[in-house]
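Throughout the sequence shown, residue numbering follows our numbering, covering 978 to 1184 in sequence.
These notes concern the structure reproduced below.
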Amino acid sequence: MRPWTRYWLTSAVAVPAALALIGIAVQGNDIERKITAESNSALAGSGDVVVSGRDVTLVGVPFERIPDAKKAVQALPGVRSVAARDPALGPLTISVDDKQVVITGTTQQDAWRKQFLHVIGEYAHGRALVDHTSTSPGTDFAMTTTAAAALVSVLTLEPGSNVTVSVTDGRVVLDGVLPDAAHKANTNALLTRLFGQGVVVDKTRSS
């Protein structure tokens, strides 16, 4: 075969193949851009996404919103799979007495932190809310807003509680004084319902 003939045959095969690859790459980029835009819209500012082809990874989504966020993104057309980078759940402490509720912990975004405190304050039955929280990248409170509000509501419903609830590495420690045996039982039952059996360590006593 003459050299020019071999060159022509090679070009005839290689050029269309190269054009096809370019087309696939462009189409893939278009799909990724579309999925990225629609995913960000579905998250409504509560996090970011990393898109690879049709696979989506959620980044910076609050721990308590991850299940709903995954469902919302998974329902979008063209999405094949959705995963999430879970934030590190740092230690969280809630201390309650007859005058105040003290919250200590870290979360990733200041907006999350303010919302968490705002909701808890609404369930503190008039006690002052003392804020010792801070922001730290890649972290979130080790208790959902709903769970923390329910706990504070129970602990502040009547006077006589002087307790601290600490959540660290999935272990919940309740320590201090509760007004009576009924409050002690109710608080334990709530924490067990929220975190599961075998997680709560009760060191409280009744006054």
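Idealized CB from N, CA, C, for every residue including glycine.
Bear in mind that the values here come from a model prediction, so they are computed numbers and not experimental data.
Residue i versus residue j: straight-line alpha-carbon distance, rounded
| i | j | result |
| --- | --- | --- |
| Val-1050 | Ser-1016 | 6 Å |
| Asn-1163 | Val-1033 | 42 Å |
| Ser-1143 | Ser-1111 | 16 Å |
| Gly-1022 | Ala-1046 | 11 Å |
| Thr-1083 | Gly-1067 | 6 Å |
| Ala-1124 | Arg-1042 | 13 Å |
| Ile-1001 | Arg-1031 | At Ile-1001 the pLDDT is 43, less than 50, meaning the model places this residue with poor confidence and gives no usable figure here. |
| Phe-1172 | Arg-1104 | 25 Å |
| Thr-1013 | Val-1028 | 6 Å |
| Val-1176 | Ala-1166 | 12 Å |
Residues of its chain near residue i, where Cβ-Cβ distance is below 6 Å and the 5 sequence neighbours each way are ignored
| i | result |
| --- | --- |
| His-1160 | none |
| Arg-1062 | Val-1036 |
| Asp-1152 | Thr-1141, Lys-1180 |
Simplified DSSP assignment, three categories, for residue i
| i | result |
| --- | --- |
| His-1095 | helix |
| Lys-1011 | helix |
| Arg-1148 | strand |
| Ala-1119 | coil |
| Leu-1134 | coil |
| Ser-1184 | coil |
| Val-1177 | strand |
Proximal residues to residue i (C-beta, below 7 Å), its chain only, five neighbours per side dropped
| i | result |
| --- | --- |
| Pro-1064 | Phe-1040, Gln-1085, Gly-1115, Thr-1116, Asp-1117 |
| Gly-1037 | Gly-1024, Asp-1025, Gln-1085 |
Range of the contiguous alpha helix (DSSP H) that encloses residue i
| i | result |
| --- | --- |
| Ala-1105 | From DSSP, Ala-1105 is part of no alpha helix (DSSP H) but of the beta strand (DSSP E) over 1105–1112. |
| Ala-1021 | Per DSSP, Ala-1021 belongs to no alpha helix (DSSP H) and is neither H nor E. |
| His-1160 | 1158–1172 |
Own chain partners of residue i with C-beta closer than 8 Å, once the 5 adjacent residues on each side are dropped
| i | result |
| --- | --- |
| Asn-1129 | First, the residue type needs correcting, since residue 1129 is Val and not Asn in the sequence shown. Excluding sequence neighbours, Val-1129 sits near Ile-1071, Val-1073, Val-1078, Ile-1097, Tyr-1100, Ala-1101. |
| Pro-1156 | Glu-1135, Pro-1136, Gly-1137, Ser-1138, Ser-1183, Ser-1184 |
At what residue ranges does the segment 1025–1093 contain a whole run of the beta strand (DSSP E), taking only runs of 3 or more? 1025–1029, 1032–1036, 1058–1061, 1065–1067, 1069–1073, 1077–1084
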